[in-house]
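Visitor:
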Amino acid sequence: MTQDEFSQLCDCVAKNGNTSHCIRLIGRSLDDLYRFLKHHADERPRLTLALSVFHDDLIATVRDFAISGIPGIRRGEKGAIILGDDGEPVIDRSPNPQLLAAVLRESSARLTRSEQRDRENSVTAGSEDAASSIMQAINSDPSPVMLAVGKICD
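Numbering-wise (numbering that gives the first Met the number 0), the sequence shown opens with residue 0 and increments by one.
1) Please state whether DSSP places P94 in a helix, a strand or coil.
2) Can you tell me which of A79, L8 and S131 puts its alpha carbon nearest to the alpha carbon of Y156?
3) Is the beta carbon of E105 less than 8 Å from the beta carbon of I69?
4) A40: buried (16+ other C-beta within 10 angstroms of its C-beta) or exposed?
5) Is the distance from the Cβ of L103 to the Cβ of I66 below 8 Å?
6) To the nearest angstrom, how far is the alpha carbon of K77 from that of D63?
7) Between which two residues does the alpha helix (DSSP H) containing I22 stretch?
8) May I have a chain-ordered list of the alpha helix (DSSP H) segments no shorter than 4 residues that lie completely inside the segment 11-87?
9) Could you have a look at V102 and say whether DSSP puts it in helix, strand or coil?
10) Do E42 and L48 come within 8 Å of each other at the CB atom, strictly closer than that value?
11) Measure the alpha-carbon distance for R23 versus I81 and round it to whole angstroms.
12) Nearest-angstrom Cα distance between N95 and N17?
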């Protein structure tokens with residue numbers, strides 16, 4: 000695998016998030032990717048970043064659907080479709096509490112395995128004082144808050 004093919008792979012992964020599909024699109028196998036990353040270990044963060052970009056875009060899209068609502072056709076009694084003045088069905092958007100809860104849960108405690116590994120590497124690479132200060136900072140973070148979405152709280 001060449002550097003140019005790896006760049007194409009990272010661009011593709013950032014757009015659709017599927018490494019296997021992208022590797023097939025550029026005409027290579029996963030073995031080629033593994034060999035490339037074995038010889039170019041400094042390129043692994045680029046692939047991790049591409050996956051993070053895709054994940055962040057996906058979460059943003061789901062968040063938009065959760066807050067602005069999923070489009071649905073307005074129905075009247077007995078499921079009859081309600082038509083507007085122009086003769087087209089009326090489209091309503093209603094917020095989705097389940098999607099919103101999923102987005103909040105995902106963003107509250109998101110650390111992928113590669114990010115955990117990067118954090119562990121950064122902790123072990125520094126001195127003991129730096130490692131203990133980082134761990135204290137992580138431990139002092141407040142725990143995620145569980146919100147009751149769609150429920151009335153007293």
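Glycine is no exception: its CB is placed at the ideal position from the N, C-alpha and C atoms. Note that the coordinates shown come from a computational prediction; the quantities given were computed from them, not determined experimentally.
Guide: Taking the coordinates as given:
1) On the sequence shown, position 95 is the one that residue 94 refers to. Coil.
2) The structure shown has nothing for residue 156, since the chain only spans 0 to 153.
3) Start at 1 with the first residue of the sequence shown, and residue 105 comes out as number 106. Start at 1 with the first residue of the sequence shown, and residue 69 comes out as number 70. Taking 8 Å as the Cβ cut-off, E105 and I69 do not qualify as a contacting pair.
4) Along the sequence shown, read from residue 1 onward, the residue named residue 40 stands at position 41. So A40 counts as exposed.
5) Translated into positions along the sequence shown, residue 103 becomes position 104. Translated into positions along the sequence shown, residue 66 becomes position 67. Not a contact, by the Cβ cut-off of 8 Å.
6) Taking the sequence shown and counting its residues from 1, the one referred to as residue 77 is at position 78. Taking the sequence shown and counting its residues from 1, the one referred to as residue 63 is at position 64. C-alpha separation (whole angstroms): 30 Å.
7) In the sequence shown, counting from the first residue as 1, residue 22 sits at position 23. I22 -> alpha helix (DSSP H) spans T18 to L24.
8) 18-24, 29-38 and 43-67
9) Translated into positions along the sequence shown, residue 102 becomes position 103. In this structure, V102 counts as helix in the three-state DSSP scheme.
10) For the purposes of this step, residue 48 is taken as residue 49 along the sequence shown, with counting starting at 1. For the purposes of this step, residue 42 is taken as residue 43 along the sequence shown, with counting starting at 1. No, they are not a contact pair.
11) The count along the sequence shown starts at 1 and reaches residue 23 at position 24. The count along the sequence shown starts at 1 and reaches residue 81 at position 82. Each residue's Cα considered, the two are about 46 Å apart.
12) Counting from one through the sequence shown, the residue named residue 95 turns up at place 96. Counting from one through the sequence shown, the residue named residue 17 turns up at place 18. Distance between the alpha carbons of N95 and N17: 27 Å.
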